[in-house]
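Read through the structure below, which is laid out as structure tokens, and then see the notes.
Residue numbers (this note's numbering): 1 to 393.
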């Protein structure tokens, strides 16, 4: 069987004039050195705030040990005097649309940009040499890579009164990745993909939760045969689940940020409706719908026969630990894989021998720049034609 691939973009006053590893003229001796590191798999800066003196010469090193690209852009305070945490710049990034990727997710020339590291690739670093602003105030710094801003932001405070450097009280123990091991019930993802079933709201009890080494996580739910939820940062916390199963209350991990939460991004259609086994596997703690199906007039065998589809479990790729989900819709048998590219795109990969035409409902919630290769995507419906197996991208 050959792969069918659906790719989706996941969403999401002076310029820095000195951007080099070696000190430029006038910066042979600096007043202050700051090192900021992207916390691996958590989409956070390890330094949430630092102080500089007005007009001081600063060397800022931004290190990226993560598996995704990140940047660090220092913004002017703007009208909100820094309270927006640089959100105005993120809005400008979203307005770039399809051009965002080729521009490295940086709206160059934007009046809020003060200094930029540029997009720093995984396992690389960048050095910014700059003279601190004369005007005192709060200067936010942010990562503009799609979906990272909510967690990946900090504040440079320019003040003649505060001591320069990183305020110790701002760097809390819980902010550091090594301390995830100290959080009760926290499931930490390191070099290999981790797969768990756990009772978490907004998914059924049979849902499969997947944590990836690049800091992204998702839920595949047999209820709809689709990827339902996507979040970044902490993977899972099973503290309540491990205390007792009487009150399921597991949750997403420490510092997590939810990007997509719906009934399914790519849902197969059968009999004119998107597959939904809610009658036998409703969402955790969705008491209203649980009660609705308890009072359903139709018998369970009749309900089961009304949805011509099955979930056949998943296998694991030995090299990466990534799951491959198996399911049937009508006469068509599918394998589905999920991955995130370094450019911030979600890719859903299907492999199938199509004996009949197959339609998928595509949810655009939280996504943009949706692309398919092969088949036809019209008004949220992706139709694949029956016939000889071929590759779709």
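Note that CB positions come from ideal geometry on N, CA and C, so glycine has one too.
Residue environment, residue i, which counts as buried when at least 16 other CB atoms sit within 10 Å
i	result
residue 50	buried
residue 62	buried
residue 22	exposed
residue 191	exposed
residue 385	exposed
residue 42	buried
residue 443	Past the edges of the chain, shown from 1 to 393, lies residue 443, and the structure says nothing about it.
residue 229	buried
residue 274	buried
residue 382	buried
residue 103	exposed
residue 378	exposed
residue 184	exposed
residue 178	The pLDDT assigned to residue 178 is 46, lower than 50, so where the model puts this residue is not dependable; a value taken from the coordinates is nonetheless given after this. Residue 178 comes out exposed.
residue 57	buried
residue 97	exposed
residue 297	exposed
residue 252	buried
residue 243	exposed
residue 309	buried
residue 39	buried
residue 86	buried
Test item: CB-CB of residue i and residue j under 9 Å
i	j	result
residue 403	residue 139	As shown, the chain starts at 1 and ends at 393. That puts residue 403 outside it, with no answer to give.
residue 107	residue 193	no
residue 197	residue 209	yes
residue 337	residue 349	yes
residue 53	residue 159	yes
residue 212	residue 339	yes
residue 279	residue 295	no
residue 116	residue 72	yes
residue 123	residue 65	yes
residue 94	residue 142	no
residue 114	residue 187	no
residue 214	residue 46	no
residue 145	residue 69	yes
residue 226	residue 264	yes
residue 235	residue 189	yes
residue 217	residue 365	no
residue 232	residue 109	no
Spatial neighbours of residue i in its chain, beta-carbon cut-off 8 Å, leaving aside the 5 residues before and after
i	result
residue 59	23, 27, 30, 32, 33, 34, 127, 128 and 129
residue 283	201, 202, 203, 204, 223 and 289
residue 84	78 and 140
residue 270	307, 308, 309, 329 and 330
Top-ranked residue by Cα proximity to residue i, from the options
i	options	result
residue 266	276, 81, 125 and 363	363
residue 327	94, 307 and 341	307
residue 367	312, 298 and 347	347
residue 118	105, 110, 360 and 112	105
residue 304	281, 136 and 112	281
residue 135	334, 360, 80 and 55	55
residue 131	312, 25 and 270	25
Neighbourhood of residue i by C-beta distance below 7 Å, restricted to the same chain and skipping five residues each side
i	result
residue 332	352, 354, 355, 356 and 358
residue 157	49, 51 and 138
residue 396	The chain is shown only over 1 to 393; residue 396 falls outside these bounds and no answer can be derived.
residue 172	Because the pLDDT of residue 172 is 41, which lies under 50, any placement of that residue in the model is unreliable, and the question is left without a value.
residue 241	198, 199, 248 and 250
residue 120	62, 64, 69, 70, 71 and 126
Cβ neighbours of residue i in the same chain (closer than 6 Å, five flanking residues each side left out)
i	result
residue 133	158
residue 276	224
residue 175	Low local confidence applies: a pLDDT of 41 at residue 175 is under 50, so the model's placement there is unreliable, with the coordinate-based value given in what follows. Correct list: empty, nothing qualifies.
residue 321	192 and 193
residue 268	225, 275, 329 and 360
residue 206	222 and 281
- prompt: Does the stretch 247 to 259 touch the stretch 306 to 324, meaning 3 or more C-beta pairs lie closer than 8 Å?
  reply: no
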